[in-house]
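S.K.: After the structure tokens below, expect a handful of questions from me.
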Amino acid sequence: MIKLSIETKKLEDIEKLSEKIDIFFTEREKNSNKITLAGKLAAKDALLRSCGISKPIKFYKKIEIDRMPSGRPFIRVLEPELFKKLSRYKSSVSISHTKEKAVAICILYK
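Going left to right, the sequence shown walks through residues 5 to 114 as my numbering numbers them.
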């Protein structure tokens, strides 16, 4: 089985969230620039939607989007309940952006 989701975020969306940044990002993530945050938020949304989670707000800080030394993004799940749900799958995430928009795709597969 394959589950896939693609999400986009505009830089202006992140600028509007600046006062609520603590809801969406972990301490490690908050040090990123705004367009990188847009990509990370798109990746989180893509992951949560591919899991079938329709109200993701409580899970944003329970997921970190980090990078391998090669620069490839990966998902770190910090919430045991969500980790259990995702442990049935392997995952792949890809993020790209321009100066104004970010896009992320998340694929869950067995």
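Positions of the beta carbon are idealized from the N, C-alpha and C atoms, including for glycine.
Keep in mind the model is a prediction, meaning the values are calculated, not measured.
Looking at C-alpha atoms only, which residue of Gly56, Ile61, Leu112, Ala108 is the closest neighbour of Lys14?
M.R.: For the purposes of this step, residue 14 is taken as residue 10 along the sequence shown, with counting starting at 1. Residue Ala108 is the option with its Cα nearest to Lys14.
S.K.: Using 10 angstroms around the beta-carbon of Asp4, count the other beta-carbons present and answer buried if the total reaches 16, otherwise exposed.
M.R.: What the structure shows of the chain is the stretch from 5 to 114, and residue 4 is not part of that stretch, so it cannot be assessed.
S.K.: Starting from Leu82 and walking both ways along the beta strand (DSSP E), at which residues does that stretch end?
M.R.: Along the sequence shown, read from residue 1 onward, the residue named residue 82 stands at position 78. Here Leu82 belongs to no beta strand (DSSP E), and DSSP marks it neither H nor E.
S.K.: Measure the beta-carbon distance from Ala50 to Cys110 and round it to whole angstroms, keeping in mind my assumption that it falls under 8 angstroms.
M.R.: Numbered from its first residue, the sequence shown carries residue 50 at position 46. Numbered from its first residue, the sequence shown carries residue 110 at position 106. So it is a contact: roughly 4 angstroms between Cβ atoms.
S.K.: Identify which residue in Lys38, Ser74, Ile99, Lys44 has its Cα closest to the Cα of Glu16.
M.R.: Indexing the sequence shown from 1 puts residue 16 at position 12. Per the Cα distances, Lys38.
S.K.: Under 7 angstroms, do Lys66 and Leu82 count as touching if we go by C-beta distance?
M.R.: Indexing the sequence shown from 1 puts residue 66 at position 62. Indexing the sequence shown from 1 puts residue 82 at position 78. Yes. Within cutoff.
S.K.: Can you look up Lys103 in the DSSP assignment and give me helix, strand or coil?
M.R.: As a working note, residue 103 is residue 99 in the sequence shown. Lys103 falls in the coil class under three-state DSSP.
S.K.: Which one of Ala47, Leu90, Glu85, Lys114 has the shortest CA to CA distance from His101?
M.R.: Along the sequence shown, one-based indexing puts residue 101 at 97. With distances taken between Cα atoms, His101 lies closest to Ala47.
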